[in-house]
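Top to bottom, those sequences are chains A and B.
First residue of the first sequence: -4, per the working numbering; consecutive thereafter.
First residue of the second sequence: -4, per the working numbering; consecutive thereafter.
Working notes, structure below.
2 protein chains.
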Amino acid sequence: MSPKQQRRRPRSDVQRNRAALLEAAQRHFLQQGVGTSLEAVAKEAGVGAGTLYRHFPTREALLAAVLQTRSEELEARRADIAQIDDASEALRQWLRAMEEYFSAFSGLPEPLMAAAREQQPDNPLTVPCENLIATTDEYVRAAQGAGQVRPSVRGYDLFLSAVSVAWTMGAGATDEASLDRLRALIESGYRQQNDEE
Amino acid sequence: MSPKQQRRRPRSDVQRNRAALLEAAQRHFLQQGVGTSLEAVAKEAGVGAGTLYRHFPTREALLAAVLQTRSEELEARRADIAQIDDASEALRQWLRAMEEYFSAFSGLPEPLMAAAREQQPDNPLTVPCENLIATTDEYVRAAQGAGQVRPSVRGYDLFLSAVSVAWTMGAGATDEASLDRLRALIESGYRQQNDEE
DNA sequence: ACTTGACCGGAGGCATCCTCCGTTTTACGC
DNA sequence: GCGTAAAACGGAGGATGCCTCCGGTCAAGT
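Written out as structure tokens, the structure is:
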């Protein structure tokens, strides 16, 4: 049984091409949104279409890889937020951080929602989504424990609302004042009122 | 100057083709969403691609024409809602009616938001959107007059929230319970609390 | 250096969009 | 009815993008 599998060292051009593809893809996603032409990405990276699809079989796979960098930034912000004493304020900031993350590229909310829905692990965006929902739920529970958030609220609900707001930003290019009012609407929706129990 | 313009009677095939296109388009929008293939629509209507594009120069134009029928249903519901005494309940039902209207076809929220943003009248969806926003604002003002909705809320804000919820329904296929919680979140966000002034 | 297998590139098949123009259809005057 | 011209039709075709496939290339190990 012991396969002994003397693996060859990975070739250097593989890593080089992968890095070039990721950089080009990020540029295009930023400028053109997630629907950008993958052939244009390949051309800008200086590789053929086949190479792109070998590295990233689907658009979602490429997107997930590009988002990996940003996920780390989000994780850093999460660490900062964990220092905050006020559970309600921590939740608030976490929601804003997620919103910004979701707004990184125009059209990003679509595939994220699709990934959150279909639980199948063949979608490379599913796992990140699950993690975000779980993290949100932690913040929600903490704030509920402090009596600052209604008991009926789920982490998933606020994840949904954050994706919705991000979609509104990207699709609508709504002015900042409207967004603030929309956020205020949601926030006063989930917060526990003083006279409630 | 008087051109006298003795206009010829419009040809009969024009109206026939237009009707066939609208029916085929509605079927396809219902089944495939607003992104459906326009060539398939033309084929199903039994006309060439050129005829489709002559009648409806853009996808939005076709969409607006198909939505016209549904707009009339919405108008009928608006008339019903106008009978309701409780301003808050009227607003509530109006928001639900808009949500259902926005959920008619999968992917409909996107072009609606685009139309609401760009004020240019070359987009055939702009006028319907403006009307919906204005109507929503009337309901909001009425409910504010009765002290049931916070003064800071604008009709546009609740229009946005309705589009967002519709997008969530369409894109996410979220379960009904989550949607109810999301709606409750928004509703408790815009409602005037008893202890507020 | 040379072997070998992993890797590369881009041509090509397919789908869709949208336009252009030769052909057909229709309304109207006789 | 019938001729005529304006209006409308239709589908070929150029452009773009997706994704696959396979002959050629390149680097890791000997």
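Ideal Cβ placement from N, Cα and C applies to all residues, glycine included.
Remember, predicted model here, so these are calculated numbers, not experimental data.
First and last residue of the uninterrupted alpha helix (DSSP H) at residue i
i: residue 101 (chain A); result: Counting along the chain, residue 101 (chain A) falls outside any alpha helix (DSSP H), and DSSP gives it neither H nor E.
i: residue 125 (chain A); result: 121 to 140
i: residue 67 (chain B); result: 54 to 76
i: residue 79 (chain A); result: First-last for residue 79 (chain A): undefined, no H or E at that position.
i: residue 12 (chain B); result: 7 to 27
i: residue 183 (chain B); result: 171 to 185
i: residue 46 (chain A); result: 44 to 50
Exposure label - residue i; buried when at least 16 CB within 10 Å
i: residue 152 (chain A); result: buried
i: residue 139 (chain A); result: buried
i: residue 117 (chain A); result: exposed
i: residue 21 (chain B); result: buried
i: residue -4 (chain A); result: Only weak support is given to the placement of residue -4 (chain A): the predicted model assigns it a pLDDT of 43, under 50, and the value that follows is read from those uncertain coordinates. With fewer than 16 Cβ atoms within 10 Å of its Cβ, residue -4 (chain A) is classed as exposed.
i: residue 156 (chain B); result: buried
i: residue 122 (chain A); result: exposed
i: residue 19 (chain B); result: buried
Sequence-distant residues of its chain with Cβ nearer than 6 Å to residue i (five each side left out)
i: residue 38 (chain A); result: none
i: residue 72 (chain A); result: 92
i: residue 137 (chain A); result: 82
i: residue 8 (chain A); result: none
Where residue i sits in the DSSP three-state scheme
i: residue -1 (chain B); result: Low per-residue confidence applies at residue -1 (chain B): pLDDT is 46, beneath 50, and the placement is therefore not dependable, though the value from the model is reported in the following sentence. It is coil, neither helix nor strand.
i: residue 144 (chain A); result: strand
i: residue 152 (chain A); result: helix
i: residue 113 (chain A); result: coil
i: residue 167 (chain A); result: helix
i: residue 159 (chain B); result: helix
i: residue 91 (chain B); result: helix
Beta-carbon proximity of residue i to residue j, cut-off 9 Å
i: residue 102 (chain A); j: residue 182 (chain B); result: no
i: residue 58 (chain A); j: residue 24 (chain A); result: yes
i: residue 83 (chain A); j: residue 179 (chain B); result: no
i: residue 120 (chain A); j: residue 129 (chain A); result: no
i: residue 30 (chain B); j: residue 112 (chain A); result: no
i: residue 94 (chain B); j: residue 161 (chain B); result: yes
i: residue 143 (chain B); j: residue 187 (chain B); result: yes
i: residue 85 (chain A); j: residue 74 (chain A); result: no
i: residue 133 (chain B); j: residue 150 (chain B); result: yes
Same chain, Cβ closer than 8 Å to residue i, five either side skipped, listed in chain order
i: residue 16 (chain A); result: 36, 37, 40, 42, 46, 47, 50, 51 and 57
i: residue 163 (chain B); result: 169, 174 and 177
i: residue 126 (chain A); result: none
i: residue 87 (chain A); result: 182
i: residue 145 (chain B); result: 139, 185, 186, 187 and 191
Sequence-distant residues of its chain with Cβ nearer than 7 Å to residue i (five each side left out)
i: residue 65 (chain B); result: 96 and 99
i: residue 69 (chain A); result: 92 and 96
i: residue 158 (chain A); result: 97, 104, 107 and 108
i: residue 60 (chain A); result: 17 and 51
i: residue 124 (chain A); result: 107, 110 and 111
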